[in-house]
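All you need for the working numbering is the position in the sequence shown, starting with 1, plus 228. No residue lacks a Cβ here, since even glycine has one placed at the ideal position from N, Cα and C.
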Amino acid sequence: MPREALHLDNDAVAHVLDEIADLLELKGENVFRAVTYRAAARSIRDLREPLAELIEQKRLKEIPKVGPSVGEAIEQLVATGRSIRHEELQAAVPTGLLTLLGVPGVGPATARAIYDHLRITTIDELEQAAKDGRLRQLPKIQTKTEENILKSIAALRQRTGRALLNEARAAANTMLAWLRQETGLELLAIAGSLRRFRETIGDVDIVAGSDDAPPIMAAFVRAPTVERILANGDTKSSVLVARGMQIDLRVVPPRSWGAALLYFTGSKEHNVRLRGIALKRKLLLNEYGLYRVGAEARGQELACASEEEIYAALEMDWIPPELREDRGEVDAASRHALPALVAVGDIRGDLHTHTNWTDGRDPLETMALRAKAKGYGYLAVTDHSPGLGMTNGLSLERVQARLAEAAALNAKLAPFRILVGTEVDIRANGKLDYPDDVLARFDIVTASVHSSFSQPRDQMTARIVGAIRHPLVTALSHPTGRLLERREPYDVDLAAVIAAAAETGTRIEINGGPERLDLPDTWIPRAIANGATLVASSDAHAIEELEWMELAVATARRGWATPGAIANTRDLDAMLASRKKA
Ligand code: DGT
Ligand code: CA
Ligand code: CA
Ligand code: ZN
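In structure tokens:
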């Protein structure tokens, strides 16, 4: 593969100049020098031409605030990707200071004060000092600042910089549509963690198959959604689109299409396992193909045009991308024992949705019509109980009205069926938020924890297991309560939850909300092995969110689920008949 030339683009240069300014300030140098670097960074962000061009035409001095020393740093950065000034400063400033500066709300002056007085160099030490009230004792640091630092640290810990599946999918699909329109390419696909439907996405990977890469690269970097070009090479480029989402594109020769798609789909661990299998057979697998090794074989090519061919040449069944995580799938494929995974087309209805009667956006009729148009046979509307935190939860009168509304709609929409359900709160004390005589009126009762998340493990487990054991509860929703990139799961013994669900016939939800994906994929095999029944749900609060069913199903697939493991692959009568009997 040819060496890639990587130029630092305008934004990347501006970023380094800002860091030089931070370092100057941390080092306690003349503040005006820092101000100059920051001002230059700002001018560079506003430029409409690439810095490389300005340098070539000797026009750097035209940029406001760029004098000789800043100019020199810019030239070095564009030519080599490095700046001597930057590296000298990095060597002179303790790295701990930069770490402190990385906490939102901590500026150079605060970082300096904290470091000088307390010699703090890590986030952990900073957190401890803030908890001990030692920061507010420093000059110019107020109690409020200390509180904000603690909040920032808590938020930092939750952020891994990974995107939610729906955000990454939207960015990827827009780019794919643009590339198709601009290039007419047919060999074009999403790879990486997005193709595997991993719960969060580091960056989007796209693979294109063509012998003529330059026009594809050009179309990619000029796409309207591109905010910044990170690398622009002959066969590999990277860009940033909205919200810092990175997209990588590789162009490979069409004859290597299958090998490249396989390689860039990953996971890395899956690839390593496959290469091991290949090596045992004296074969070499890489992103270009599968080859014989050894002097007499001379790299004879076995397969590379499609994934199926490659897996077949390794005497394996083709492995669905959702399974490619090195969790036993390579072995199962070699034994021809992969499960026949549930697919979106197997889903007959949705059992967890909301309307504008509680926190949803659309009326029941609109939701039902969309569900019917999707080909579903049924839709359960499960608006919230009145419990704490749930504004507008349905009172008994409104439950009655809902039943009447559904009956009228069902007369119009038959054989499609609206099921009237509820998402009932499991209160902190373990009680359900409706009395039994109200619960008994619903077709579907899905129970959820929406409060008191920090209860100790024993208490939380007893609270949830109690709800599962309640005779009128048909399912447990989002069992861990996690919100991806936002909130940790509550502390609960999931093994005990699964055991109770299996014993009572209460279903466990796989919630397809992109922030939830809960039950998590890693727990699904255990639930299935223990005999619990699962239900894949969208938890839609608007008609377009009914499509989140796809994410619920993808999560089920990542958990090796077959249609038989998922209650709502059954048609209405079979689904209702299989429901737990009170
Ligand atoms: P992400 O982006 O963190 O959500 O996860 P991936 O799986 O998309 O990882 P990424 O974008 O770094 O790389 C895409 C695929 O390329 C990865 O799944 C497997 C392949 N790949 C990347 N680096 C390596 C490597 O060092 N060895 C092997 N065997 N494969 C790699
Ligand atoms: Ca990726
Ligand atoms: Ca990547
Ligand atoms: Zn819900």
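{"Asked": "Closer than 7 Å: HIS580 CB and nearest ligand 4 heavy atom", "Found": "yes"}
{"Asked": "Buried or exposed (CB count within 10 angstroms, at least 16 for buried), SER766", "Found": "buried"}
{"Asked": "Cutoff 6 Å; reference GLN304; Cβ partners in own chain excluding five residues on either side", "Found": "SER311"}
{"Asked": "Beta strand (DSSP E) segment containing GLU535, residue limits", "Found": "GLU535 -> not in any beta strand (DSSP E); alpha helix (DSSP H) instead, spanning 535-541."}
{"Asked": "Neighbourhood of LEU422 by C-beta distance below 8 Å, restricted to the same chain and skipping five residues each side", "Found": "LEU393, ALA396, ARG397, ALA400, ILE429, VAL432, ASP433"}
{"Asked": "Pair within 8 Å by beta-carbon distance, ILE342 and ILE348", "Found": "yes"}
{"Asked": "One or two residues paired with LEU660 in a DSSP bridge", "Found": "ILE654"}
{"Asked": "Secondary structure of HIS612, DSSP reduced to three states", "Found": "strand"}
{"Asked": "Under the three-state DSSP convention, the category THR674 falls into", "Found": "strand"}
{"Asked": "ASP433 beta carbon near ligand 3 (any heavy atom closer than 7 Å)", "Found": "yes"}
{"Asked": "THR493: CB within 7 Å of a non-hydrogen atom of ligand 1", "Found": "yes"}
{"Asked": "Every unbroken beta strand (DSSP E) inside the segment 372-454 [3 residues or more]", "Found": "416-419, 432-437"}
{"Asked": "Pairwise C-alpha distance: LYS293 and GLU247", "Found": "16 Å"}
{"Asked": "With 16 other Cβ atoms within 10 Å as the buried cut-off, status of LEU477", "Found": "buried"}
{"Asked": "GLY420: CB within 7 Å of a non-hydrogen atom of ligand 3", "Found": "yes"}
{"Asked": "ALA764, DSSP secondary structure in three states", "Found": "strand"}
{"Asked": "Chain-order list of residues whose beta-carbon lies under 7 Å from that of ALA233 (same chain, five-residue window excluded)", "Found": "Caution applies to ALA233, whose pLDDT of 38 falls short of 50 and renders its modelled position unreliable; the value that the coordinates give is listed next. The residues are GLY461."}
{"Asked": "Assumed close pair ASP545, ALA770 - CB separation to whole angstroms, cut-off 8 Å", "Found": "Incorrect: roughly 39 Å between the Cβ atoms, too far for contact."}
{"Asked": "Straight-line Cα distance separating LEU745 from LYS372", "Found": "36 Å"}
{"Asked": "Euclidean distance between Cα positions of ASP661 and GLU651", "Found": "10 Å"}
{"Asked": "Whether VAL259 touches GLU253 by CB criterion (8 Å)", "Found": "yes"}
{"Asked": "Under 8 Å between C-beta atoms of LEU329 and ALA320", "Found": "no"}
{"Asked": "Contact check, THR493 vs ARG424, beta carbons under 8 Å", "Found": "yes"}
{"Asked": "Strand pairing of LEU711, partner residues [DSSP]", "Found": "ARG715"}
{"Asked": "Own chain, CB closer than 7 Å to ARG503, minus 5 neighbours either side, in chain order", "Found": "LEU513"}
{"Asked": "ARG501 versus ASN758: straight-line alpha-carbon distance, rounded", "Found": "28 Å"}
{"Asked": "Where GLN528 falls: helix, strand or coil (DSSP)", "Found": "coil"}
{"Asked": "VAL500 (DSSP reduced to helix, strand or coil)", "Found": "helix"}
{"Asked": "Nearest neighbour of GLY658, chosen from GLU284, MET688, ARG669, THR797 [CA to CA]", "Found": "MET688"}
{"Asked": "Segment limits, beta strand (DSSP E) that includes ASN514", "Found": "511-514"}
{"Asked": "Cα-Cα separation, GLY588 to ALA768", "Found": "8 Å"}
{"Asked": "Span separating the alpha-carbon of GLU410 from that of VAL454", "Found": "15 Å"}
{"Asked": "Opposing strand residues paired with GLY494 [DSSP bridges]", "Found": "Note: GLY494 sits in no beta bridge, so no partner."}
{"Asked": "ASN238, DSSP secondary structure in three states", "Found": "helix"}
{"Asked": "Residue burial classification, LYS809 (beta-carbon count within 10 angstroms, cutoff 16)", "Found": "exposed"}
{"Asked": "Beta-carbon proximity check, ILE752 vs ALA789, cutoff 8 Å", "Found": "yes"}
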